[in-house]
Structure formats: structure tokens, C-alpha cells
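Student: The structure follows.
Residue numbers (UniProt numbering): 1 to 537.
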């Protein structure tokens with residue numbers, strides 16, 4: 001324990017981490033107290049205000065409490081190399097022995113899961129023995145290993161010069177300066193994870209770390225205002241994760257993060273689309289943006305002359321409260337190069353027909369090639385755009401609210417005219433009515449004949465576009481039959497053969513495979529069947 005711990009020093013008490021925010025007396029008691037802010041706010045008792053006196057201020061309300069410097073179980077951490085040797089070179093935990101004692105189980109925390117996912121690993125001692133030559137080590141994870149300092153100057157560079165990927169999540173590093181003392185000795189280091197750390201606020205840039213191209217700083221409470229300082233130290237940064245940092249507002253960062261192509265802002269509290277895009281418009285190379293699990297409920301059309309993200313190719317808006325279709329049309333104006341979009345778990349897709357919603361999304365977004373992980377084929381785009389035109393035509397007085405209406409009518413013709421050039425069918429004519437059923441095992445000619453002959457209520461059915469990819473067909477069938485969407489289910493195409501009741505009982509039965517394959521591959525006709533068989537049923 002330091003004689004007088006400095007403000008910002010990180011501590012661990014029974015594996016619960018905190019930061020010192022006050023050192024001194026409390027009236028009415030003897031001795032010195034440490035006022036701390038816990039990483040887990042649930043451990044706190046107040047926000048630094050005690051007995052009517054403010055001793056410190058917490059970044060997260062209610063996360064503060066007081067500790068004695070000599071509390072049982074209190075740890076001030078260890079050096080980077082001490083933790084690395086202990087984990088990868090058979091350090092003090094086994095006395096440096098060259099042979100692991102036995103095949104013991106060990107819990108390993110997945111670094112990207114915010115501490116939520118733990119797995120049991122067997123034989124980790126053998127892995128460490130194999131990796132015991134630290135000079136050969138390329139990837140290292142010291143997640144939760146109590147790293148607090150860099151140690152003696154130069155010793156990290158001497159022992160592990162070839163590290164390329166390093167995970168220092170959930171440690172006791174007090175500042176970016178200490179991080180830089182470690183990283184600057186690792187000249188080959190490309191990727192660094194610092195999730196679930198807490199750092200002193202930056203007021204000047206830390207020492208340069210030019211080797212880093214990827215940084216994870218999720219759940220660090222890193223303020224957006226610190227990024228200009230951090231950017232100066234990371235001139236080659238290309239991938240930045242700043243999720244779960246309680247960010248509610250972004251401001252422009254002129255000259256900062258000029259090489260960043262991928263930015264993850266998942267799990268924050270952003271709600272203003274216009275101010276967010278304005279702030280990010282200063283990142284000239286940004287092509288991938290994750291805004292999942294924020295508070296965007298509406299996307300307005302861009303004001304004349306406003307900044308956009310002309311090069312953005314992929315966007316995630318999953319788990320946002322978007323509920324109006326005008327936001328999607330506006331998105332098309334903001335992001336003219338958008339090729340991939342994730343918009344799952346939003347009100348837009350939580351009600352109504354999933355396939356219709358997919359078609360409306362594709363129709364409104366002209367450059368989209370992948371939606372919610374499923375590629376958009378040329379045939380699906382044409383069908384979706386025709387569907388969108390027919391949808392708009394139901395309310396002709398509101399065509400002006402749909403910016404692509406004129407363009408799509410020129411491409412496909414208005415619904416009254418039919419497709420341009422008279423070559424295609426109307427969208428409605430392309431829809432095929434199919435019946436759905438669930439069977440306990442793979443269908444046979446006998447089971448299908450029994451199914452259609454049974455005196456039962458009319459089967460579940462729906463009109464389907466031949467261009468629907470199998471992934472979307474499966475979702476549609478499962479939802480219609482009220483089966484869990486995560487069911488492990490085989491799907492069978494069942495159609496009556498042209499030969500009547502000849503060989504095979506007059507049925508053509510084929511299991512459907514290939515999630516990106518379009519429905520038309522199975523040449524189903526009006527009244528044919530899609531049959532679900534649940535695994536283990």
C-alpha cells in the first residue's frame with residue numbers, strides 16, 4: 001500500500017474495483033479514510049456527500065462509499081509483467097514448474113461480453129506451458145488480472161517484444177499515461193482492449209502510441225471530450241469501440257480521429273440523430289458505424305446544406321425505438337452510400353408482417369445490398385420496389401412524402417400502367433399462396449395425402465414472393481404457425497407432381513437448404529405446402 005494513495009489510484013476489494021476520489025479525515029472519526037467510486041454503482045452508498053459535507057463527486061450517481069486504507073482484502077494491484085509471467089510463464093501460481101500438476105478446470109471470462117459470459121476451460125496449464133516463452137507470445141489476455149502499473153522501464157519490451165493483441169480489460173490502470181508506458185514498449189502491438197477500466201480525465205495527450213490501429217474502450221466512462229487528446233496519441237487508429245460509456249451528446253472533433261473507419265457507440269444514450277451525424281461528419285474515412293441500443297426514435301430529413309456521411313457503408317440501428325417509416329426515407333438522404341443495415345429489435349419490425357416490412361425498407365433505401373445480415377438479390381430488390389410503389393399508390397395524395405416515388409415509377413411503371421415496357425407482371429400477380437403445416441417427422445407422400453384429406457380447419461397460409469430468401473421464408477412460416485423463431489427446424493417444399501398419382505404418390509418433396517436461396521428455386525405453385533419439422537420432435 002502506498003504511504004498516501006494518490007487520487008485516481010485504483011483498488012480492488014474482494015474482486016470489486018473502485019477508484020480513490022478522496023483521501024483524508026471524516027469529522028467524528030479517527031484516522032484516514034478513502035473515499036472511493038465503485039465501478040459497479042450498486043456497491044455504493046452515496047455520491048460523495050456524507051453528513052452534509054461533500055468530500056468528492058461521483059461520475060455515476062450513488063456509486064461512492066468510504067473505506068479504510070488497511071481494509072482486509074484490499075489490493076492495489078501489480079505490474080504488467082508480473083501478471084503476464086504469472087499467467088503465461090508458469091509464475092508464482094505453480095512455482096515456475098515446467099509440468100502442470102493436473103488437468104484442472106478454470107473459469108475464463110470472454111473479454112467482449114462485459115463480464116457476462118464465463119466458460120470453463122480444461123488444460124489451461126498446458127497452454128501456459130506452451131506459451132511460456134514470452135518472447136514468442138503474440139496474443140495475451142490479462143482481463144481482470146489486477147494490472148496497475150508498467151513496472152521497471154524497458155522490462156516489458158525485453159520480455160515480450162512480439163505482442164500484437166493485448167486485452168487489459170477490467171484492471172487497475174489509473175491513467176492513460178500508465179497505459180502508454182506499457183504500449184510504447186510493445187512496438188508490434190496492433191490491437192488493445194481496455195474495456196471496464198476507469199481512467200483519470202485527460203487534460204493533455206498521453207505519450208504517442210503509433211502502433212495501435214484498434215482500441216476497445218467500452219464501459220470506461222471515457223468522455224467524448226477526451227478524444228482530441230487521445231487522437232493525438234493514436235495517429236493510426238482505424239477501429240474504435242466506445243460502447244456503454246453513458247454518452248448522451250456528441251460534439252464535432254475537427255482534426256481528430258482522421259484515420260478511423262469503424263466506430264462502435266453501442267449502448268449509450270444518444271437520441272439526437274442530427275447532432276450525432278454533425279459530430280461524426282468530421283471523420284472523413286468513417287465507413288462503419290454501430291449505434292445499436294441508443295435512444296433514436298426519429299430521423300429527420302437533413303436540412304439543406306447540412307453535413308452527411310457520404311462514405312458510410314454499414315450502419316446498425318438495432319434495438320432503437322424507431323417507429324416511423326419517414327425515418328427510413330430520411331436515412332436514404334443522410335447516407336447515400338449505405339450498403340448494409342441492421343435494424344432488428346425496433347418497433348418498425350416488431351409488429352405486422354416481417355417480409356412486408358423488409359420490402360418497404362429495401363424500397364426506401366436505394367443503395368442497400370444487405371439487410372439484417374441477409375443479402376438482397378436483384379430479383380428481391382425489383383420485387384420490393386414494386387411492392388413499395390403499390391403501397392404508396394394506395395394513398396396517391398401522399399406520394400410527395402415518398403422521395404423515391406417518381407424515380408421508382410420511371411423504373412417500374414405506376415401500378416396502373418404496369419411495369420415499364422410491359423415485360424413484367426404486376427407484383428400482386430407474382431405472389432403465390434402457400435399453405436403451412438408442422439409434422440413430427442420428414443413428410444412422405446402418405447403423410448401429405450393424409451394432411452390434405454384430414455377434416456380439419458383451413459390450413460395456415462400466406463401469399464409469398466418467389467424472390468424471398470429462404471431465411472425470410474423460414475421466419476414467416478414459424479411466425480404464422482406460432483413457433484419460436486429460434487427453433488431448430490427443417491423446412492420442406494411439398495408440391496403436387498404434374499404426373500398426378502404416379503410414382504411417389506404424386507408428390508415432389510424436398511428439404512429446403514441454403515439460407516440465401518430464393519423461394520422460386522423450388523418452383524412452388526398456388527396451393528403447395530411448406531412443412532416444418534422441429535428437431536427432436
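We put the beta carbon where it would ideally sit given N, CA and C, even for glycine.
Please name the residue in 291, 377 and 380 whose C-alpha comes closest to that of residue 344.
Tutor: On the chain shown, residue 344 is found 344 positions in, with the first residue counted as 1. It is 291.
Student: By alpha-carbon positions, which one of 436, 283, 236 and 187 ends up nearest to residue 251?
Tutor: The residue labelled residue 251 in the question sits at position 251 within the chain shown. Ranking the options by Cα distance to residue 251, first place goes to 283.
Student: Could you give the C-beta distance for residue 237 and residue 257, rounded to a whole number, given that I count them as a contact under 8 Å?
Tutor: By 1-based counting over the chain shown, the position of residue 237 is 237. By 1-based counting over the chain shown, the position of residue 257 is 257. 7 Å between Cβ atoms; contact.
Student: In terms of residue numbering, what span does the alpha helix (DSSP H) encompassing residue 448 cover?
Tutor: The residue given as residue 448 occupies position 448 in the chain shown. Note, residue 448: alpha helix (DSSP H), 445-453.
Student: If you run the structure through DSSP and keep just helix, strand and coil, what is residue 375?
Tutor: As a working note, residue 375 is residue 375 in the chain shown. Here residue 375 sits in strand by DSSP.
Student: Note down the Cα distance separating residue 393 from residue 468, rounded to an integer number of angstroms.
Tutor: The count along the chain shown starts at 1 and reaches residue 393 at position 393. The count along the chain shown starts at 1 and reaches residue 468 at position 468. If I take the Cα positions, the gap works out to 22 Å.
Student: If you draw a straight line from the C-alpha of residue 514 to the C-alpha of residue 521, how long is it?
Tutor: Reading the chain shown from its first residue, position 514 is the one you call residue 514. Reading the chain shown from its first residue, position 521 is the one you call residue 521. Taking the straight line from one Cα to the other gives about 11 Å.
Student: Give the DSSP-derived three-state secondary structure of residue 504 in the structure shown.
Tutor: Counting from one through the chain shown, the residue named residue 504 turns up at place 504. Since pLDDT at residue 504 reaches only 45, below the 50 mark, its modelled position is unreliable, and the value read off the structure follows with that caveat. Reduced to three states, the DSSP call for residue 504 is helix.
Student: Give the single residue among 475, 435, 489 and 472 whose Cα lies nearest to the Cα of residue 528.
Tutor: For this step, residue 528 is matched to residue 528 along the chain shown. It is 435 whose Cα lies nearest to the Cα of residue 528.
Student: Output the distance between the C-alpha atoms of residue 530 and residue 368, rounded to the nearest integer angstrom.
Tutor: For the purposes of this step, residue 530 is taken as the residue at position 530 of the chain shown. For the purposes of this step, residue 368 is taken as the residue at position 368 of the chain shown. Going by the C-alpha atoms only, they are around 29 Å apart.
Student: Pair every Cβ in the stretch 348-366 with every Cβ in the stretch 400-408, then say whether three or more of these pairs are closer than 8 Å.
Tutor: In short, these stretches touch, since the Cβ pair count reaches three.
Student: State the Cα-Cα distance for the pair residue 295 and residue 276, rounded to the nearest angstrom.
Tutor: Within the chain shown, residue 295 is the residue found at index 295, counting from 1. Within the chain shown, residue 276 is the residue found at index 276, counting from 1. Their Cα atoms are separated by approximately 12 Å.
Student: In the DSSP assignment, find the beta strand (DSSP E) that holds residue 38 and state where it starts and stops.
Tutor: Translated into positions along the chain shown, residue 38 becomes position 38. Looking at the DSSP string, the run of the beta strand (DSSP E) that includes residue 38 is 33-38.
Student: Between the alpha carbons of residue 69 and residue 31, how many angstroms are there, rounded?
Tutor: Start at 1 with the first residue of the chain shown, and residue 69 comes out as number 69. Start at 1 with the first residue of the chain shown, and residue 31 comes out as number 31. Roughly 10 Å between the two C-alpha positions.
Student: Find out if the Cβ-Cβ distance for the pair residue 178, residue 209 is shorter than 8 Å.
Tutor: Stepping through the chain shown from its first residue, residue 178 is reached at position 178. Stepping through the chain shown from its first residue, residue 209 is reached at position 209. Against a cut-off of 8 Å, the Cβ pair of residue 209 and residue 178 comes out as no contact.
Student: For the beta strand (DSSP E) that contains residue 340, what are its first and last residues?
Tutor: Against the chain shown, residue 340 aligns to sequence position 340. Element bounds for residue 340: 340-342.
Student: How many angstroms separate the CA atom of residue 278 from the CA atom of residue 9?
Tutor: Against the chain shown, residue 278 aligns to sequence position 278. Against the chain shown, residue 9 aligns to sequence position 9. Each residue's alpha carbon lies about 36 Å from the other.
Student: Can you tell which of 206, 174, 192 and 273 has the C-alpha that lies nearest to the C-alpha of residue 242?
Tutor: Locating residue 242 in the chain shown gives position 242, where the first residue counts as 1. Among 206, 174, 192 and 273, the Cα nearest to that of residue 242 is on 192.
Student: Around the C-beta of residue 49, are 16 or more other C-beta atoms found within 10 angstroms, so that it is buried, or is it exposed?
Tutor: Sequence index remark: in the chain shown, residue 49 carries index 49 (1-based). Label assigned to residue 49: exposed.
Student: Specify, as a first and last residue, the run of the beta strand (DSSP E) that residue 496 falls within.
Tutor: Mapped onto the chain shown, residue 496 falls at position 496. Residue 496 -> beta strand (DSSP E) spans 489-496.
Student: When the distance is taken between beta carbons, is residue 334 closer than 8 Å to residue 303?
Tutor: Here the question's residue 303 lines up with position 303 in the chain shown. Here the question's residue 334 lines up with position 334 in the chain shown. No, the pair does not count as a contact, with Cβ atoms beyond the cut-off.
Student: Whose CA, out of 86, 136, 80 and 170, lies closest to the CA of residue 19?
Tutor: Translated into the one-based positions of the chain shown, residue 19 becomes position 19. Checking every option, the nearest Cα to that of residue 19 belongs to 170.
Student: For residue 273, which residues of its own chain have a beta-carbon under 6 Å away from its beta-carbon, when the five flanking residues on both sides are left out?
Tutor: The residue you call residue 273 lines up with position 273 of the chain shown. For residue 273, where only same-chain residues beyond five positions count, the Cβ hits under 6 Å are 296 and 299.
Student: Kindly indicate which three-state DSSP category residue 278 falls into: helix, strand or coil?
Tutor: For the purposes of this step, residue 278 is taken as the residue at position 278 of the chain shown. Three-state result, residue 278: helix.
Student: Three Cβ pairs or more, each shorter than 8 Å: is that satisfied between the stretch 192-201 and the stretch 209-229?
Tutor: Contact holds: three or more Cβ-Cβ distances are below 8 Å.
Student: Just to confirm, are residue 329 and residue 313 a CB contact at a threshold of 8 Å?
Tutor: One-based indexing of the chain shown puts residue 329 at position 329. One-based indexing of the chain shown puts residue 313 at position 313. No, the pair does not count as a contact, with Cβ atoms beyond the cut-off.
Student: Output the distance between the C-alpha atoms of residue 141 and residue 45, rounded to the nearest integer angstrom.
Tutor: Looking up residue 141 in the chain shown gives position 141. Looking up residue 45 in the chain shown gives position 45. Spanning the two alpha carbons is a distance of roughly 33 Å.
Student: Please go through the same chain and pick out, in chain order, the residues whose beta-carbon is closer than 6 Å to the beta-carbon of residue 359, but skip the five residues on each side of it.
Tutor: The residue you call residue 359 lines up with position 359 of the chain shown. Hits under 6 Å: 384 and 387.
Student: Under three-state DSSP, which class holds residue 9?
Tutor: Reading the chain shown from its first residue, position 9 is the one you call residue 9. In this structure, residue 9 counts as coil in the three-state DSSP scheme.
Student: For residue 529, report the span of its beta strand (DSSP E) as first-last.
Tutor: As a position in the chain shown, residue 529 is number 529, starting the count at 1. 529-534 is the span of the beta strand (DSSP E), which, as asked, contains residue 529.
Student: Going by DSSP in three states, residue 157 sits in which element: helix, strand or coil?
Tutor: Taking the first residue of the chain shown as position 1, residue 157 is located at position 157. In the structure shown, residue 157 sits in a helix (DSSP, three-state: H, G or I).
Student: Which residues does DSSP pair with residue 355 in a beta bridge?
Tutor: As a first step, residue 355 must be located in the chain shown, where it is residue number 355. None; residue 355 has no bridge partner.
Student: Find out if the Cβ-Cβ distance for the pair residue 234, residue 202 is shorter than 8 Å.
Tutor: By 1-based counting over the chain shown, the position of residue 234 is 234. By 1-based counting over the chain shown, the position of residue 202 is 202. Contact: no.
Student: Shorter than 8 Å from the beta carbon of residue 179 to some beta carbon of chain D?
Tutor: Considering every chain present, this structure includes no chain D. It has just one protein chain.
Student: Please report the straight-line C-alpha distance between residue 534 and residue 412, rounded to a whole angstrom.
Tutor: Within the chain shown, numbered from 1, the residue matching residue 534 stands at position 534. Within the chain shown, numbered from 1, the residue matching residue 412 stands at position 412. Going from the Cα of residue 534 to the Cα of residue 412 covers about 40 Å.
Student: Just to confirm, is the Cβ distance from residue 476 to residue 355 under 8 Å?
Tutor: The sequence position of residue 476 within the chain shown is 476, counting from 1. The sequence position of residue 355 within the chain shown is 355, counting from 1. Contact: yes.
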